[in-house]
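Undergrad: One structure follows; several queries about it will come next.
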Amino acid sequence: MLVGFGGVAALSLNGGGEAAGTTGIVVILLASLSWSIGSFLSARIPMPPNVWTASAVEMLAGGAGLAIVSTSIGEHVDLAAISGRSWAALAYLVLVGSLVGFTAYTWLLGNAPISLVSTYAYVNPVVAVILGVLVVNEHVTVQIVLGGVVILIGVALVVSTERRAKRRPAPAPADEVTAPQNA
257 MLVGFGGVAA
267 LSLNGGGEAA
277 GTTGIVVILL
287 ASLSWSIGSF
297 LSARIPMPPN
307 VWTASAVEML
317 AGGAGLAIVS
327 TSIGEHVDLA
337 AISGRSWAAL
347 AYLVLVGSLV
357 GFTAYTWLLG
367 NAPISLVSTY
377 AYVNPVVAVI
387 LGVLVVNEHV
397 TVQIVLGGVV
407 ILIGVALVVS
417 TERRAKRRPA
427 PAPADEVTAP
437 QNA
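Start counting the sequence shown at 257; every next residue gets the next number (the working numbering).
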C-alpha cells in the first residue's frame, strides 16, 4: 500500500509542473484519512444488511458532516449562478459517482478484503489523469507517467499478496491437534 501511496504523492505533489498548495494537500490527506477510517470501521460497527441502505446511511452521515463544515467556514450556494452544465455534472456525480460507485464500494467492503478494496484510492488518480488528457487536453509529464506506473505496481502488489494469502491453508487450531494413538 505504501508503494501506491508513493505514486499518488508523485502525482499530487508536482503533477503538472505546478506545486500543489499546502491547503489542497492537507485536504486530500484528511479526506483519505477519513475515508480509510470509515472503511475500517464499516466492518466493525453495526451496519444495515442491505447495501443500498448502508450506502444511504454513509452518504447522509458524510453529507451532514460536509454541511456542518461548509456552514462553519461561511460557504453558501447561489443557485442563480449555477449553469446548466454544472447541474448536469452534479446529476452525473449523484447517479454514477454516488449511487452506482459508492454502493459498489459499500458492497465490496462487505465481500472483499479491505486491503484489496482500498486500491481504488490509487487507481482513481490514474483514471483522473487519463480523463484529463482525453476530455480537457491536459499535458502528461514524465513525473505523471512515473507516478502512474508506481501506483499500478502498488495495486499489483496488493492484489498478488491477497491471492497468495487465499492460497495458504489456515493453520489447524491447537485444540484440534491430537496425539497419535497406539494400535
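Don't be surprised by glycine CBs; every beta carbon is placed ideally from N, CA and C.
Within this structure, are the beta carbons of S295 and S374 separated by less than 8 Å?
TA: yes
Undergrad: Does the region 311-322 come close enough to the region 345-358 to have 3 or more Cβ pairs within less than 8 Å?
TA: yes
Undergrad: Tell me, to the nearest whole angstrom, how far the beta carbon of V383 is from that of I407; I am working on the premise that it is less than 8 Å.
TA: Not confirmed; about 10 Å, so no contact.
Undergrad: What is the rounded straight-line gap between the Cα of G404 and the Cα of A336?
TA: 39 Å
Undergrad: Between the C-alpha atoms of A323 and S298, what's the straight-line distance to the nearest angstrom?
TA: If you take the alpha carbons of A323 and S298, they lie about 22 Å apart.
Undergrad: Between the alpha carbons of L390 and S371, how many angstroms are there, rounded?
TA: 30 Å
Undergrad: Taking DSSP as the reference, what is the three-state secondary structure of D315?
TA: The amino acid occupying residue 315 in the given sequence is Met; Asp does not appear at that position. Reduced to three states, the DSSP call for M315 is helix.
Undergrad: If we count the other Cβ atoms within 10 Å of its Cβ and call it buried at 16 or more, is I301 buried or exposed?
TA: exposed
Undergrad: Should L387 be labelled buried (16 or more other beta-carbon atoms within 10 Å of its own) or exposed?
TA: exposed
Undergrad: Where does P369 fall in DSSP's three states?
TA: coil
Undergrad: Should A435 go down as buried or exposed, given a rule of 16 or more other Cβ atoms within 10 Å for buried?
TA: In this prediction, A435 scores a pLDDT of 48, lower than 50, which makes its location untrustworthy; the coordinate-derived value is nonetheless stated afterwards. Answer is exposed; the Cβ neighbour count stays below 16.
Undergrad: For V449 and V398, which I take to be in contact (beta-carbon distance under 8 Å), what is that distance rounded to the nearest angstrom?
TA: Residue 449 cannot be examined here, being either before or after the span of the chain that is shown, 257 to 439.
Undergrad: Within 10 angstroms of its Cβ, does G440 collect 16 or more other Cβ (buried), or is it exposed?
TA: Only positions 257 to 439 of the chain appear in this structure, which leaves residue 440 out of reach.
Undergrad: Return the CA-CA distance between G353 and A345, expressed in angstroms with no decimal places.
TA: 10 Å
Undergrad: Could you check which residue in G366, V379, E394, A412 has the C-alpha nearest to that of N306?
TA: Nearest option by C-alpha distance: G366.
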